[in-house]
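*Asks:*
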Amino acid sequence: MTIAALTILGPLAAAALILVLRRVAPALAVAGTGVSLAGALLTLVRVAGGARYEAVLPGLPEMPLRLVVEPLTAVLAALVAVVSFFVMVYAVGYTTGEGGKVRFFSVMSLFAAAMQTLVIAGDWVLLLAAWEVIGFASFLLIGFDFERAGVGRAALRAFLYTRSADLGLYVAIFVLISRTGTSEVSATLGAGGAAAVAAGLLLLLAAMGKSAQTPFHGWLLDAMAGPTPVSALLHSATLVAAGAVLLIRAFPLLPPTVLVVAGVAGGLTALVTGLTALAQRDLKRLLAASTASQYGLMLLAVGAGSPVAALFHLLAHAATKSSLFLGAGVFQHAAAGSTDLADLEGVGRAHRRVFLAFVVAGLALVGVPPLSGFFSKDAILAASFASPAAWILAPLALAGTLLTGLYVARALRLLWRGTEEAGSVAGIGWMGAGLAVLAALSATLGLALPLVADLLGAPAPEETLLVGAAGLVAALVGLALGWRIPGFRLLGPLLGPSERGFRTGGGFDGLVARPALSAARALDLFDRGVHAVVFGVARAGLALASASRVADERGLDGVIRALVRGARSLGGRARRLQSGLVHRELLLAAAGGALILVFLAVGVIGL
Amino acid sequence: MNGMQDMPQGGGGMQMAQDLALLAPEIAVLLTAVGALVFEMLRLPKVSLPFTVIGLLVAAGLTVPLLGTETTVFSETFRVDALSEWAKLVLLPATVLCVVLSYPEVKDTDREGTVYVLFSMTALGALVLAGAGDVMFLVIGVLLSSVGSFPLVAYPRDDRATEAGMKYFVFGSVALAVMIFGITYWFGATGSTLISDLPRLSGAPLAAVFGLVAALVGLGYKASLVPFHFWAPDAYDGGPVSVAAFLSVVPKTGAIFAIAQIARDLPAGASGWPLAVAALAVLSMTYGNLAALVQENVVRLLAYSAIAQSGYFLLGVVAVGESGLAVSSLVVFAAAYAAMNIGAFAVVALAGRDLRDFAGLGRSRPAAGAAMVVFLISLVGIPPLGGFVGKFLLFGAAIDAGFAWLAIVGILNSVVSLAVYLRIVVSMYGRAKEAPVSPRPVAAVWVTALVFTVGVGLAAQVLLGRVA
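So the sequence lines, in the order shown, correspond to chains A and B.
Residue 225 in the working numbering sits at position 225 of the first sequence, and the numbers go up by one each step.
Here the working numbering runs 607 ahead of the position in the second sequence, where the first position is 1.
Quick look at the structure:
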């Protein structure tokens, strides 16, 4: 167990130490995730040897904190550790000559530690805590360049979106705990009946928020405001992955009705965000939309009843997407910090080795054999064809595959076209090292997937030749079309909404954020309004009071005004002492009291 | 119901002595106030401060051996139970922090020592409220904590403070008058001033209900619940920051605990009461958070946030008698709330009242800035900080008591509150300005508050073990 705990403690200790030993921040961060990597791999080896552990730590009463190491959590921990280690290595190069390293590496380490906690948490309270820390760390990282226009807003948006969906996780956990009386994850997954449906739908809501599924996908595109290593980490192994991880881990709980909803939601996301990716003019935004689309395919796999296929794709996607982002980061440095596709034209020619890694990762994502994505996408397609809801899930899965081919080909084409001489890149050594390993993984990981299935003891979905061929054809057609025809022309009338990320009806902003703010302003006006309106009335009131002093002084008003007059000499500023103000407010308070009175009277007397 | 009395068979004198021993912490607070006043009269304000600090800490220390006692003193009129014991353990150190925080603001002013006396007297009022077993103690508690805090608000004696003090005074007097007026009806209907005689109210006439509501109005004003909150933002902003920190924590917690003391003894069929309290909770949470969303003045923002936090507090009150978690959730949240709220006000005392004063604080004073982030995200309720554990328990208690909808309203509100507090965080990491001066007492306060904000979160298990 101690070794498994290293996966969390390594980066956590690094996050704290960096704040003290500020000089060696990058080295500490790499060391921290390195410890985490070693711990995760050793754990994986031991688990493969048949070992299972659980640690129980003191927490809330009756609800101890637990860490569990079993095949699923060990595989996920290894995934997070591998990606965070190599992204951290890359980040050493990426941040060469830039400021704010202490903050950057400290929060990145915290981010990795929180994600490790999430994947090996054995009880809901600890999982919830990790979930929230992940959200907060991502807020800090997306808002890293807070001085640039719009960055603070983007960070806030990302946090608010995911937080609102977090509501689902809170309520789901309350439902599960009150239903089963324990907070242990594995024990609550047996809850059946209505509780399982309610909790399942709520968990799905939380997962959709974190994994940027339609209609919550808007924040992910804006979150590109963060530094590129942050994007690489949060798209492949941490923040966005948390949603998929949650559903994969909670799979035994989900009843068929919830599964269908999850599958359709995922499939629609794959479609909508796939189109969005095709219309983006910025490389990082294109990759972001693609992330949402790929997580849509994972949800679809869960919905089709095959969490193993979803796990395969999570692994393959983690390797490919982190490579793509790391490649994009190099291009960004080469193009003087811009990620606009117009500025990046031809940059692939100037940096051929990086471009090669980018191509390998891109083709792996599309699912070209024998690269990793081929195996995972095959599993998803097979699962969707075998599912009871195949009539809807299978076409959605095929469409998602086709779209992946289209937008990847479009990105490759734009990066290769033209002949611009790009500038040299500082820190390329570190960046190249991180990128090379992850790209190699995205090429070869497919061979390891059967081992993972054996380890989990859950077979991958049965493939048929026909399904495999359909998937391959969809991918290749997508690639060919995307390479030949500009994406804008392919989209036709869909171009406009695709470019805006399908924010129909103002999207989430219009539904939640704006009404809340206007209600807030109205309430403030109400408070101030009483001040402003009464300001004039108050003077009139004072004049009136002196006119009818005798009559008034018997009532409450008179008392107040008399006090006000006394205070005049005390404070020396009677003019702005608004007797009417206090009195109006007291009236409101009295009305509130009277309401409660009526309410209780009706209750007690039973009218 | 009330704990049973350990009635010794000795004479009345013996009983008296035992009762006084159980009240030792309260007596110590009173003596502290008197002693500090004597030093002030001798023109030794420099002695007054350490005397107050030590006196209050001794009083808190005297509470420790009482922990676990469940009894009443002076014929059931005052309760020595978990709520009143933990009120002392939380509120007295909180008062010490506020006293220390006030030192840079009031030192070398005329009648500096009076401020410390007033802090102690107001704290005593809050403690009386938290242990009230009799309606007269409710009145005395509200009165004591009000009379002590009116002059605190008006202490700077400038126009703004005077106006705020005046407003607070008018509002407070009326609320208190209503409370006393209503309580006479209560007495008339039940024939007893003991809260434990409340079951006699069942099937009682309107007059008795009026008494109960009047008590709620008086306590609601002290706890700044909507719609009895109007004085709070003005009073907080008018007076010194340390007084705002104090008012938002000490009298408020006392009043909430007093409402819980009433809730414990309600007749079984009184289903209207929890609903009325739940309605106040919804109003306070929602109104407080939404109004805070548009404030440009951080003290006013925290004032509205404190109104919202009172709403969260009420979730625990609603569950009293229905859920075993209720009392411990109230205590844990009180401890977390005291630490994070005083901490946030301490950083305001350092940075300034305007939201613009916070621009760049995260860079010019990184440690204080980081502490502020911790206080604010704890106020939101993000784990693993104290605010999270407190809110988690409150929500859990409400759900346990069958008020799941109320917990959902609370969770939704905590989403909104995030936007409130992040406004401060975002501006803190903007362009740096010159660093504000950081007086040493203020730094001591926020460091202590930081330790407790994190500590309550991490040591929740230990704390809960002691409460339950």
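Note that CB positions come from ideal geometry on N, CA and C, so glycine has one too.
Tell me whether M979/B sits in a helix, a strand or coil according to DSSP, three-state version.
*Replies:* One-based indexing of the second sequence puts residue 979/B at position 372. M979/B falls in the helix class under three-state DSSP.
*Asks:* Applying the 10 Å Cβ sphere with the 16-neighbour rule, what's the burial state of E132/A?
*Replies:* Locating residue 132/A in the first sequence gives position 132, counting from the first residue. Buried, since its Cβ has 16 or more Cβ neighbours within 10 Å.
*Asks:* Let me know the alpha helix (DSSP H) ranges lying completely inside the segment 807 to 859 of chain B, each 4 residues or longer, listed in chain order.
*Replies:* If we require 4 residues or more, the alpha helix (DSSP H) runs fully inside the segment 807 to 859 of chain B come out as 813 to 829 and 838 to 845.
*Asks:* Secondary structure at L254/A, three-state DSSP: helix, strand or coil?
*Replies:* Along the first sequence, read from residue 1 onward, the residue named residue 254/A stands at position 254. Here L254/A sits in coil by DSSP.
*Asks:* Among residues of its own chain, excluding the 5 on either side of R271/A, which ones have a beta-carbon nearer than 6 Å to its beta-carbon?
*Replies:* Here residue 271/A refers to the residue found at position 271 when the first sequence is read from its first residue. One detail in the question is off: residue 271/A reads as Leu in this sequence, not Arg. The answer, listed in chain order, is A399.
*Asks:* Between the alpha carbons of T73/A and L704/B, how many angstroms are there, rounded?
*Replies:* The residue you call residue 73/A lines up with position 73 of the first sequence. The residue you call residue 704/B lines up with position 97 of the second sequence. Near 45 Å, if we compare the C-alpha coordinates of L704/B and T73/A.
*Asks:* Return the Cβ separation of A910/B and P840/B in integer angstroms, given the expectation that the two are a contact with Cβ distance under 8 Å.
*Replies:* For this step, residue 910/B is matched to residue 303 along the second sequence. For this step, residue 840/B is matched to residue 233 along the second sequence. Right, the Cβ-Cβ distance comes to about 4 Å (below 8 Å), so this counts as a contact.
*Asks:* Quick one: what does DSSP say D222/A is sitting in, helix, strand or coil?
*Replies:* Residue numbering aside, residue 222/A sits at position 222 when the first sequence is read from its first letter. Three-state DSSP puts D222/A in a helix.
*Asks:* Would you call the CB atoms of L736/B and P632/B closer than 9 Å?
*Replies:* For this step, residue 736/B is matched to residue 129 along the second sequence. For this step, residue 632/B is matched to residue 25 along the second sequence. The answer is no: Cβ separation not under 9 Å.
*Asks:* Thinking C-beta only, is G969/B closer than 9 Å to D980/B?
*Replies:* Against the second sequence, residue 980/B aligns to sequence position 373. Against the second sequence, residue 969/B aligns to sequence position 362. The question names Asp, yet the displayed sequence has Val at residue 980/B. For V980/B and G969/B, yes; Cβs fall inside 9 Å.
*Asks:* What residues in the segment 992 to 1024 of chain B bring their beta carbon closer than 9 Å to a beta carbon of chain A?
*Replies:* Of all residues in the segment 992 to 1024 of chain B, F995, V996, F999, L1000, F1002, G1003, I1006, D1007, A1011, A1014, I1015, I1018, L1019, S1021, V1022 and V1023 have a Cβ within less than 9 Å of some Cβ in chain A.
*Asks:* Can you find the residues in the same chain that come closer than 7 Å, C-beta to C-beta, to V20/A, ignoring five residues on each side of it along the sequence?
*Replies:* Mapped onto the first sequence, residue 20/A falls at position 20. Closer than 7 Å at the Cβ level, and outside the excluded window around V20/A, lies no residue.
*Asks:* Using the Cα positions of V884/B and L832/B, report the straight-line distance between them to the nearest angstrom.
*Replies:* Along the second sequence, one-based indexing puts residue 884/B at 277. Along the second sequence, one-based indexing puts residue 832/B at 225. When rounded, the distance between both Cα atoms is 10 Å.
*Asks:* For M63/A, report the span of its alpha helix (DSSP H) as first-last.
*Replies:* As a working mapping, residue 63/A is identified with position 63 in the first sequence. Premise fails: M63/A lies in the beta strand (DSSP E), M63 to V69, not in any alpha helix (DSSP H).
*Asks:* Quick check: what's the CA-CA separation for L141/A versus L882/B?
*Replies:* For the purposes of this step, residue 141/A is taken as residue 141 along the first sequence, with counting starting at 1. For the purposes of this step, residue 882/B is taken as residue 275 along the second sequence, with counting starting at 1. Approximately 43 Å between the Cα atoms of the pair.
*Asks:* Would the segment 294 to 308 of chain A and the segment 380 to 397 of chain A be scored as touching if the rule is three or more Cβ pairs under 8 Å?
*Replies:* Touching, yes.
*Asks:* Mind checking L1065/B: buried by the 16 CB within 10 Å criterion, or exposed?
*Replies:* For the purposes of this step, residue 1065/B is identified with residue 458 of the second sequence, where counting begins at 1. Exposed, by the Cβ-count rule.
*Asks:* Check whether the Cβ atoms of T7/A and V80/A lie closer than 9 Å to each other.
*Replies:* Locating residue 7/A in the first sequence gives position 7, where the first residue counts as 1. Locating residue 80/A in the first sequence gives position 80, where the first residue counts as 1. Yes, these two residues count as a Cβ contact at 9 Å.
*Asks:* V133/A touches chain B at which residues, Cβ-Cβ below 9 Å?
*Replies:* The residue given as residue 133/A occupies position 133 in the first sequence. Those are I989, P990 and P991, listed as they occur along chain B.
*Asks:* Round the Cβ separation of M298/A and G266/A to the nearest angstrom and send it over; I've been treating them as touching at under 8 Å.
*Replies:* One-based indexing of the first sequence puts residue 298/A at position 298. One-based indexing of the first sequence puts residue 266/A at position 266. At roughly 7 Å, the Cβ-Cβ gap stays under 8 Å, so M298/A and G266/A are in contact.
*Asks:* Is the Cβ of S164/A closer than 9 Å to any Cβ of chain B?
*Replies:* In the first sequence, counting from the first residue as 1, residue 164/A sits at position 164. For S164/A, the answer is yes, since a Cβ of chain B falls inside 9 Å of its Cβ.
*Asks:* Under 9 Å between the Cβ atoms of Q916/B and L908/B?
*Replies:* As a first step, residue 916/B is located in the second sequence; it is residue number 309 there, counting from the start. As a first step, residue 908/B is located in the second sequence; it is residue number 301 there, counting from the start. No, they are not a contact pair.
*Asks:* When DSSP builds the beta bridges, which residues end up paired with V680/B?
*Replies:* Residue numbering aside, residue 680/B sits at position 73 when the second sequence is read from its first letter. Paired residue(s): F685/B.
*Asks:* Could you pull out every unbroken beta strand (DSSP E) segment of at least 3 residues lying fully inside the segment 974 to 1021 of chain B, listed in chain order?
*Replies:* The segment 974 to 1021 of chain B contains no whole beta strand (DSSP E) run of 3 or more residues.
*Asks:* Reducing DSSP to helix, strand and coil, say where A966/B ends up.
*Replies:* Your numbering for residue 966/B matches position 359 in the second sequence. Coil, per DSSP.
*Asks:* Does the segment 105 to 125 of chain A come into contact with the segment 9 to 17 of chain A, if we say contact requires no fewer than three beta-carbon pairs (one atom in each stretch) closer than 8 Å?
*Replies:* Segments in contact, yes.
*Asks:* Return the residues of the segment 907 to 923 of chain B that lie within a Cβ-Cβ distance of less than 8 Å from chain A, sorted by chain order.
*Replies:* So the list is empty, because no residue satisfies the distance condition.
*Asks:* Using 10 angstroms around the beta-carbon of E462/A, count the other beta-carbons present and answer buried if the total reaches 16, otherwise exposed.
*Replies:* One-based indexing of the first sequence puts residue 462/A at position 462. By the neighbour-count rule (16 or more Cβ atoms within 10 Å), E462/A is not buried but exposed.
*Asks:* So, helix, strand or coil for E633/B, using DSSP?
*Replies:* Looking up residue 633/B in the second sequence gives position 26. Three-state DSSP puts E633/B in a helix.
*Asks:* Is L128/A close to chain B, meaning its C-beta is less than 9 Å from at least one C-beta of that chain?
*Replies:* Stepping through the first sequence from its first residue, residue 128/A is reached at position 128. Cβ-Cβ to chain B under 9 Å: yes for L128/A.
*Asks:* Measuring straight from C-alpha to C-alpha, what distance separates A277/A and L286/A?
*Replies:* The residue labelled residue 277/A in the question sits at position 277 within the first sequence. The residue labelled residue 286/A in the question sits at position 286 within the first sequence. Whole-angstrom Cα-Cα distance: 5 Å.
*Asks:* Could you work out which residue in S290/A, I134/A, I177/A and I173/A is closest to A158/A when comparing CA atoms only?
*Replies:* Within the first sequence, numbered from 1, the residue matching residue 158/A stands at position 158. If we check each option's Cα against that of A158/A, I134/A comes out closest.
*Asks:* Quick check: what's the CA-CA separation for G1072/B versus I949/B?
*Replies:* For the purposes of this step, residue 1072/B is taken as residue 465 along the second sequence, with counting starting at 1. For the purposes of this step, residue 949/B is taken as residue 342 along the second sequence, with counting starting at 1. Each residue's Cα considered, the two are about 25 Å apart.
*Asks:* Going by beta-carbon coordinates alone, are L962/B and L1001/B separated by less than 9 Å?
*Replies:* For the purposes of this step, residue 962/B is taken as the residue at position 355 of the second sequence. For the purposes of this step, residue 1001/B is taken as the residue at position 394 of the second sequence. No. Outside cutoff.
*Asks:* So, do the segment 403 to 411 of chain A and the segment 65 to 72 of chain A have three or more beta carbon pairs nearer to each other than 8 Å?
*Replies:* Verdict: no, contact absent.
*Asks:* Any Cβ of chain B within less than 9 Å of the Cβ of L246/A?
*Replies:* Position 246 of the first sequence, counted from the first residue, corresponds to residue 246/A. No - not a single Cβ of chain B is within 9 Å of the one on L246/A.
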